[in-house]
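Residue numbers (this note's numbering), protein chains in the order written: chain A, 19 to 231; chain B, 1010 to 1303. The block underneath contains the structure these notes are about, expressed in structure tokens.
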Amino acid sequence: MSDELPVGVERHQFDGEERLATQGEPVYGEPTDGEWRAWNPNRSKLGAMLALGMETGLEGGDEETVLYLGAASGTTVSHVADVAGPTYAVEFAPRPARDLLEAADSRPRLFPLLADARKPETYAHVVERDVDAIVQDVATRGQARVALENARFLADDGRLVLAVKARSEDVTREPAAVFEDVRDELTEGYEVLEYRRLDDYHADHLGIVARPR
Amino acid sequence: MTADSPAETGWFAELEPDDSEGAAAAITEGTAAEPADWPKLAVEAGFASDAEEYYDRLKEATTAATRDAVERAERADDRQLVHAVRTMDDCTRTANELAERLAEWAGTIDPDAGAGVEYARAIAGEDAERDVGHERVRSLAERVVSLADEAEDLREYVERETPTVAPNLAALADPVLAARLISLAGGLEPLAKKPSGTVQVLGAEDALFAHLRGHASSPKHGIIYTHDAVRGTHPDERGSAARAVAGKLAIAARVDHYSGERKPELEAELAERIETIQSRTADGEGDENGGGGE
């Protein structure tokens, strides 16, 4: 258990309850306290990983660059952009991307990209190399493959922060078996530093922190 | 394009800094095998004076590109159709629900109260044929009427638009059924990718899952039940008819999505097939009659 939160993520009181929070425009109706807005771990896998005390390696600060895969409507990536520097948000589906645009509106260093995370060459002309972190939350088959394909963007001392959804890989298999396969496959390009089930907040999800080999 | 000048594959290559349309297009259409230190290369290439300015330009370009793509996706005609047909069903359902409420209420003040949208029409408006003598009841009747009218207008819109979006599907089914199938599948492309067995039971998901759970027989048809060729076939042969209709509709959806050209032979093939199927029961009935009959 680590108490090291990224710079810019703090614990604040909301209605008498201590919760993680970042500073920025509210995005999804989360409670606010002045400039601080609560980070709901039930709606954000990265939020859950931080709430569970995982050592994500995210540091925060204007110098930190992040590639976020599977930004969806921007719930989590808005918190990331609140604390980090240039943040590239890749999302495949146009529908949620509309909400993502709204979240990006008030965040000058959050760059929305409508692209398929399985095809990095379609955004490698935009996303810079040696990003400090890749945060991945894509509900598709082959989640380990997506992480491996995108390793080209990550700095040698960068971190992959990955949320694996078991049901996206195979609905009929035991999640534990799926997670083992994903961890195995990841070793092709990464060294897994820590992993943990996120079931307290997200059923059948595994949080993984890894670094490039 | 050479290995020692990676800047040429960056999105900003060959762009004037103030060309915002070109920038959005470069974001959307460009590719590169490998990422590079784009902020640094852009400054070296004179695209921006420093990293901050580069990021400002990147922000503008990515926002414009994403907004364009989102708007294009939303405007796509099959999306319009999906919204229209769903709204049509919502309006019809709500009009009927409110008409029931109206009948209940009006029944307490109007001894000759009727039911349904028809009754609402009778008492709605300043110059209604009948005056119920209650401002709120009359106003409610007006809402019912306008919802029913909206549903009717939406039906006309769907009937007009479907043939341009999915000409073969609209010709093979009626335009409203075609739009419903597109709506149930979530768009023309997803419909085009569905096997005909799935098209056959679209709209019968409850029955299908009851079957998969093991306590019901498999559904013979979903929304395509409303197709004349299915409904007009003897119940014993409806499964065959539904299979034939679904097969042709699945092909029509693929033609509409991938080529968009009209293929009138599909209708002829379906008509021929349905005739064969229906003649089976006609023969069967003939035999029964011959053998003693009813």
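All C-beta atoms in this analysis are idealised placements derived from N, C-alpha and C, irrespective of residue type, glycine included.
By how many angstroms is the C-alpha of Ala1074(B) removed from the C-alpha of Leu178(A)? Residue mapping note: residue 178(A) aligns to position 160 of the first sequence, counting from 1. Residue mapping note: residue 1074(B) aligns to position 65 of the second sequence, counting from 1. If you take the alpha carbons of Leu178(A) and Ala1074(B), they lie about 27 Å apart.
Along the segment 1029-1046 of chain B, where does the CB come closer than 7 Å to a CB of chain A? Name the residues. Ile1036, Gly1039, Thr1040, Ala1041, Ala1042, Glu1043, Pro1044, Ala1045 and Asp1046
For a contact meaning CB atoms closer than 9 Å, what does Leu131(A) contact in chain B? As a position in the first sequence, residue 131(A) is number 113, starting the count at 1. Result: Ile1036, Thr1071, Ala1074 and Thr1075.
With H, G and I counted as helix, E and B as strand and the rest as coil, what does DSSP make of Ser1288(B)? The sequence position of residue 1288(B) within the second sequence is 279, counting from 1. Ser1288(B): helix per DSSP, three-state reduction.
Extent of the continuous beta strand (DSSP E) to which Gly176(A) belongs: Translated into the one-based positions of the first sequence, residue 176(A) becomes position 158. Where Gly176(A) is concerned, the enclosing beta strand (DSSP E) stretches over Leu172 to Lys183.
Would you report the Cα separation of Arg214(A) and Arg125(A), rounded to the nearest angstrom? Walking along the first sequence from the start, residue 214(A) turns up at place 196. Walking along the first sequence from the start, residue 125(A) turns up at place 107. Their backbone Cα atoms lie some 31 Å apart in a straight line.
Given that a residue counts as buried once 16 or more other Cβ atoms are within 10 Å of its Cβ, and exposed if not, what is Asp1215(B)? The residue given as residue 1215(B) occupies position 206 in the second sequence. Asp1215(B) counts as exposed, since fewer than 16 other beta carbons sit within 10 angstroms of its beta carbon.
Kindly confirm or deny that the segment 1253-1260 of chain B and the segment 1269-1289 of chain B touch, where touching means at least three C-beta pairs closer than 8 Å. yes
With 7 Å as the limit, tell me which residues of the segment 88-113 of chain A have their beta carbon closer than that to any beta carbon of chain B; keep them in chain order. Pro104 and Pro112
From Glu36(A) to Leu1186(B), what does the alpha carbon distance come to, in whole angstroms? As a first step, residue 36(A) must be located in the first sequence, where it is residue number 18. As a first step, residue 1186(B) must be located in the second sequence, where it is residue number 177. Glu36(A) and Leu1186(B): Cα-Cα distance of roughly 53 Å.
For the candidate residues Arg61(A), Val95(A), Thr74(A) and Arg147(A), whose alpha-carbon lies nearest to that of Asp123(A)? If you number the first sequence from 1, residue 123(A) lands on position 105. Taking only the C-alpha atoms, the option nearest Asp123(A) is Val95(A).
Starting from the C-beta of Thr1101(B), find all residues in its chain whose C-beta is less than 7 Å away, skip the five residues before and the five after it, and write them out in chain order. Residue mapping note: residue 1101(B) aligns to position 92 of the second sequence, counting from 1. Around Thr1101(B): Ala1160.
Considering only residues of the same chain and omitting the five flanking positions on each side of Pro1044(B), which have a CB-CB separation below 7 Å? Here the question's residue 1044(B) lines up with position 35 in the second sequence. Around Pro1044(B): no qualifying Cβ.
Thr140(A) at chain B interface by Cβ criterion, 8 Å: As a position in the first sequence, residue 140(A) is number 122, starting the count at 1. Closer than 8 Å: yes.
With a threshold of 16 other CB atoms inside 10 Å of the CB of Lys183(A), please say whether the residue is buried or exposed. Along the first sequence, read from residue 1 onward, the residue named residue 183(A) stands at position 165. The residue in question, Lys183(A), is buried, as its Cβ has 16 or more Cβ neighbours within 10 Å.
Exposure label - Lys1203(B); buried when at least 16 CB within 10 Å: For the purposes of this step, residue 1203(B) is identified with residue 194 of the second sequence, where counting begins at 1. Per the 10 Å Cβ criterion, buried.
Residues of the segment 1100-1123 of chain B with Cβ closer than 7 Å to any Cβ of chain A, in chain order: none
Looking only at its own chain, which residues have a Cβ that is under 7 Å from the Cβ of Gly1039(B), when we skip the five neighbours before and after it? As a first step, residue 1039(B) must be located in the second sequence, where it is residue number 30. Correct list, in chain order: Trp1020.
Leaving aside the five residues before and after Ala1304(B) along the sequence, list all residues of the same chain whose C-beta is less than 7 Å from its C-beta, in chain order. Nothing about residue 1304(B) can be reported from this structure: the residues present for chain B run from 1010 to 1303 only.
Below 8 Å on C-beta distance, what does Glu209(A) contact in chain B? Your numbering for residue 209(A) matches position 191 in the first sequence. None at all; the shortest Cβ gap to chain B is about 21 Å.
Among Asn58(A), Ala66(A), Glu53(A) and Leu38(A), which one has its Cα closest to the Cα of Tyr46(A)? Counting from 1 along the first sequence, the entry for residue 46(A) is found at position 28. Residue Asn58(A) is the option with its Cα nearest to Tyr46(A).
Would you say Arg55(A) and Gly42(A) are within 8 Å of each other, going by their C-beta atoms? Along the first sequence, one-based indexing puts residue 55(A) at 37. Along the first sequence, one-based indexing puts residue 42(A) at 24. A contact, by the Cβ cut-off of 8 Å.
Got a sec, what are the start and stop residues for the alpha helix (DSSP H) Ile226(A) sits in? Numbered from its first residue, the first sequence carries residue 226(A) at position 208. Run containing Ile226(A): none in the alpha helix (DSSP H); it sits in the beta strand (DSSP E), His223 to Pro230.
With DSSP run on the structure shown, which of helix, strand or coil describes Ala150(A)? Here residue 150(A) corresponds to residue number 132 of the first sequence, with the count starting at 1. Sequence inspection shows Asp at residue 150(A); the Ala mentioned does not correspond to that position. Reduced to three states, the DSSP call for Asp150(A) is strand.
Mind reading off the beta-carbon distance from Trp225(A) to Asp155(A)? Whole number of angstroms is fine, and I expect it under 8 Å. The residue labelled residue 225(A) in the question sits at position 207 within the first sequence. The residue labelled residue 155(A) in the question sits at position 137 within the first sequence. Sequence inspection shows Gly at residue 225(A); the Trp mentioned does not correspond to that position. With a Cβ gap of about 10 Å, Gly225(A) and Asp155(A) do not count as contacting.
Put Gly1295(B) into one of helix, strand or coil per three-state DSSP. As a position in the second sequence, residue 1295(B) is number 286, starting the count at 1. In this prediction, Gly1295(B) scores a pLDDT of 39, lower than 50, which makes its location untrustworthy; no coordinate-derived value is stated.
Does the beta-carbon of Ser1058(B) have 16 or more other beta-carbons within 10 angstroms, so that it is buried, or is it exposed? Against the second sequence, residue 1058(B) aligns to sequence position 49. Exposed, since its Cβ has fewer than 16 Cβ neighbours within 10 Å.
On a Cα-Cα basis, can you pick out the residue from Leu211(A), Val227(A) and Phe197(A) that is closest to Ala221(A)? The sequence position of residue 221(A) within the first sequence is 203, counting from 1. Out of Leu211(A), Val227(A) and Phe197(A), Phe197(A) has the C-alpha closest to the C-alpha of Ala221(A).
Mind reading off the beta-carbon distance from Val1079(B) to Arg116(A)? Whole number of angstroms is fine, and I expect it under 8 Å. Along the second sequence, read from residue 1 onward, the residue named residue 1079(B) stands at position 70. Along the first sequence, read from residue 1 onward, the residue named residue 116(A) stands at position 98. At roughly 5 Å, the Cβ-Cβ gap stays under 8 Å, so Val1079(B) and Arg116(A) are in contact.
Inter-stretch contact at 8 Å, needing at least 3 Cβ pairs: the segment 1161-1181 of chain B / the segment 1107-1117 of chain B: They do not touch, by the three-pair rule.
With DSSP collapsed to three states, give me the class of Met1010(B). Here the question's residue 1010(B) lines up with position 1 in the second sequence. A caution first: Met1010(B) carries a pLDDT of 43, below 50, which makes its placement in the model unreliable, though a value can still be read off. Secondary structure of Met1010(B) (DSSP, three-state): coil.
Are any of the Cβ atoms in chain B nearer than 8 Å to that of Phe32(A)? In the first sequence, counting from the first residue as 1, residue 32(A) sits at position 14. In terms of beta-carbon proximity, Phe32(A) stays away from the interface with chain B, with every pair separated by 8 Å or more.
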